[in-house]
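Here the sequence shown stands for residues 1 to 705, where the numbers follow the numbering used here. Virtual Cβ for every residue (Gly too), placed ideally from N, Cα, C. Read through the structure below, which is laid out as structure tokens, and then see the notes.
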Amino acid sequence: MKRKIVYFVLGIAGLALLLTGCTGLFVPQGPEVKTPIPAVPGDPNARPSIAPEVLGEAFVRGEHIPRELVVGYTDPAAFAEVLDLVGGTLVREFSIGDELTVALVELPGGMSVARALGTIMLRARDHNDPLRGISFAEPNYIVKLIDPEPAGSDVYLKAVEPAVYDPNADLRPYQWGLDIVGAEDAWAHATGDGIVVAVIDTGVDGTHPDLQGKVIDGYDPYNNVNIPAGSDSDTDGHGTHVAGIIAAKNDDKGIVGLAPDALIMPILGLPGGSGNVYELALGVIWAVDNEAKVLNNSWGGATYSQLIKAAFDYALANNVIPVCAAGNDGEAWIHFPSAYPGVIAVGATTPHDTRADFSQIGGWLSVAAPGENILSCVPTWYVQDGTGDPLLYDYWAGTSMATPFVSALAALLRELYPGATPYQIKKIIEDTAVDIEAPGFDVYSGYGRIDAAAAVTATVPDEGSCLLVYTPTASSLSFGSPSGVPYVDVVLLKDGEIYAWAQTDFEGWWVLGFPYEPDTSDWGVAPFYGIEPGDYKVLVGGDDQVLWGARTANRVTTSGTVSLASGDSVELIMPINTELEVRIDWTGAGDVDLAIEEFDPFVAGDYVWSTAETGALWGTFSPDDTAADGDGTETYTLAFPHWDNDRYRIAIDATDSAVDTTVTVTIIQNGVTEVYGPYDVPAGSFINLEAQPEWWDSLGGPWVF
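If you want it as structure tokens, here you go:
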């Protein structure tokens, strides 16, 4: 691919939030009249450490397994240090390619996941000895199946009772989904012959009459055992229903899959309908390493996972096509893994060729497919009410049912075009889709409802693009030693809608090879593989960035644009920066000073308190105000460049004041104004603000990028 590096030059970065299409925009605090708070004197020589638990809570973004941590590493020595830091025990580990090892760590009693994550982050960001070789650390998030919707009824559907209970009955006439996508015409060109589709789900019943001989060896990542070919591994029924839509035999009995000659690889990623990111990622990697060509994923939720993203990136790099259900909430909520770049995200349609009410809305949608009242296989141990005879088939609904239609179509195309990249397969499916909403792309159905007959006669389009967004601090770039910021959300907007979502990693480690060859070696890289060429707005950060304590003002954001051509591999450098002003205002004729703790790398090699009298290392003070007229004001303004990736503690220094004073503290950071106090400050005291009531998160001062 053609590689180029683009610097996005900032006039101002890290100001007012720029994210659109996201909820929860902050409302800056403003001045208000308050009763003075008695200030608690402190020791200017004391430097409280940041509480790891407080810091780590910012990195926990969803339901997870208590006392389990997932750590990706490239350096065994660094991982050994992490284990020692958190007192953890290695449970098991696996590799993603030749570069990355992913470990499941059990934490000791009394060590929460938040505290462990905070501890690792503090160690990793040590200015004197940063910890390299750790790619990411995150909770072992719990992942749920996308539950099927009630099938309901429709006067346009033919009743299948009692034929549905007869294993010898031909149920093809009841499969409206095959009719509407042009299956019969598509089969004249391809049937998915020999293409392996991994169904990452609840297991698959390989003993079902329509799936006998179609289910090859699979994998159970929870027990680390292979699933024998032709066996029943289903723990719920969902996976069997999905598998039937993809590859049920075309033998004039029962139903028919859209890719009737494809093979099913069962991956037991969600036993009983629930799993976790460690086991799911292990299942994805096993499928890729064992010749799966398509990955069907009818699961997910709102939580971003570095590990699942890495697993899908690995699939894309190995020419494997991930297909993901968009979700059944019917709203415009972000959903993963369907919003990861490079995947085919699938919504659902009705027999009337309209969007299903439950189908998720979003700019990351690729296409929609039949997903309402879908007849397919259920395990042989499902029985009819009242008779106890095997049920064998049932109508279900959901994006879970729509996704296997697209996986099957991907299998047909992989048979026809074995050398095409995942992007090219995705693009064929999108370009040949039938509009059912607004012309062209729309957030309700993506590019439209799939058309298998048109897709199998299309030509292979040009290759896609690769974008790596690198987020160093602007000051570190200025000093000539770039330092990236991990765990920052990066969103691509196309035509005003969210197109794809990624997150900067702990350490940019991917060197994927075919078909993408990014070259990254620092923290703070968000990769977008297999995306559509074109013009994008790139949003870095936003009001949901709670990296260093849950203060809105600590959160970083910047934006830029990038144009990608077919075959491009672009490294976009997006510096982030903090703007900061701290002001104290006081009443009472006392000599009070604003004190800011700054790091002195030049002489002291440690933190020092700076005032208007001493002068500042990384900013400027207003003139020293002795409050001769009874009231005083002093201001500190952060300069550029400055010492970054650190907290700047704030104090009220009244050691030279002979009288008590009342002090208000105003912080303007990244365009957000916060007012604290007023505080009753005793004469002769030194007031560390982190020790005061109402102070935020025990961090002691703003975190500065």
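**Prompt:** Between residue 296 and residue 504, what straight-line distance do the alpha-carbon atoms span, to the nearest angstrom?
**Reply:** 26 Å
**Prompt:** Is it the case that the Cβ atoms of residue 332 and residue 361 are separated by a distance below 7 Å?
**Reply:** yes
**Request:** Would you please state the rounded distance, in angstroms, between the beta carbons of residue 368 and residue 398? I believe it to be under 8 Å.
**Result:** Incorrect: roughly 12 Å between the Cβ atoms, too far for contact.
**Request:** Would you tell me roughly how many angstroms separate the C-alpha atoms of residue 82 and residue 100, rounded to the nearest one?
**Result:** 16 Å
**Asked** Which class does residue 64 belong to by DSSP, given the choice of helix, strand or coil?
**Response** strand
**Request:** Enumerate in chain order the residues of its own chain whose CB-to-CB distance from residue 227 is below 7 Å, with the five nearest sequence positions on each side excluded.
**Result:** 217, 218, 219, 220, 233, 266, 268
**Request:** Can you grab the Cα-Cα spacing for the pair residue 71 / residue 134, in whole Å?
**Result:** 7 Å
**Asked** Between residue 196 and the rest of its own chain, which residues show a CB-CB distance below 6 Å, the 5 nearest in sequence each way excluded?
**Response** 263, 265, 291, 292, 293
**Request:** Work out the CA separation of residue 53 and residue 327 for me, nearest whole Å.
**Result:** 33 Å
**Asked** Can you tell me whether DSSP reads residue 111 as helix, strand or coil?
**Response** coil
**Message:** Which residue wins for smallest C-alpha separation from residue 193, given the options 426, 131, 387, 414?
**Reply:** 414
**Inter-residue Cα distance where the pair is residue 261 and residue 298** = 21 Å
**Message:** In this structure, how does DSSP classify residue 609 when only helix, strand and coil are distinguished?
**Reply:** strand
**Prompt:** Is the Cβ-Cβ distance between residue 407 and residue 573 less than 7 Å?
**Reply:** no
**Asked** What is the DSSP secondary structure of residue 501, reduced to helix, strand or coil?
**Response** strand
**Message:** Just to confirm, is the Cβ distance from residue 666 to residue 678 under 7 Å?
**Reply:** no
**Asked** Which stretch, first to last residue, makes up the beta strand (DSSP E) that contains residue 284?
**Response** Counting along the chain, residue 284 falls outside any beta strand (DSSP E), though it belongs to the alpha helix (DSSP H) covering 277 to 289.
**Item:** Buried versus exposed call for residue 451 [16 or more other C-beta atoms within 10 Å across all chains shown]
**Value:** buried
**Message:** If the criterion is Cβ atoms closer than 7 Å, does the pair residue 535 and residue 559 meet it?
**Reply:** no
**Message:** Could you give the first and the last residue of the continuous alpha helix (DSSP H) run that contains residue 179?
**Reply:** 176 to 180
**Message:** So the candidates are 483, 463, 363; which of them puts its Cα closest to the Cα of residue 440?
**Reply:** 363
**Asked** By Cβ distance below 6 Å, which residues in the same chain neighbour residue 230 in space, the five residues on each side in sequence not counted?
**Response** 206, 215
**Prompt:** Pick from 480, 539, 476, 591: whose alpha carbon is nearest that of residue 493?
**Reply:** 539
**Request:** Keeping to the same chain, check which residues put their C-beta closer than 7 Å to that of residue 705; ignore five residues upstream and five downstream.
**Result:** 14, 473, 485, 556, 576, 577, 578, 644, 645
**Message:** Whole angstroms are fine: how far does the CA of residue 277 sit from the CA of residue 309?
**Reply:** 10 Å
**Request:** Please classify residue 687: is it buried, with 16 or more other beta-carbons within 10 angstroms of its beta-carbon, or exposed?
**Result:** buried
**Prompt:** Between which two residues does the beta strand (DSSP E) carrying residue 686 extend?
**Reply:** 686 to 688
**Prompt:** Distance, Cα to Cα, residue 375 vs residue 255?
**Reply:** 8 Å
**Asked** In chain order, what residues of the same chain have a beta carbon less than 6 Å from the beta carbon of residue 478, not counting five sequence neighbours either side?
**Response** 641
**Message:** Would you call the segment 130 to 145 in contact with the segment 168 to 184, where contact means no fewer than 3 C-beta pairs closer than 8 Å?
**Reply:** no
**Request:** Report the residue from 432, 410, 466, 272 whose alpha carbon sits nearest the alpha carbon of residue 198.
**Result:** 410
**Item:** Bounding residues of the beta strand (DSSP E) (the contiguous stretch that carries residue 374)
**Value:** 374 to 377
**Message:** Taking the alpha-carbon of residue 587 as reference, which of 365, 680, 173 has the nearest alpha-carbon?
**Reply:** 680
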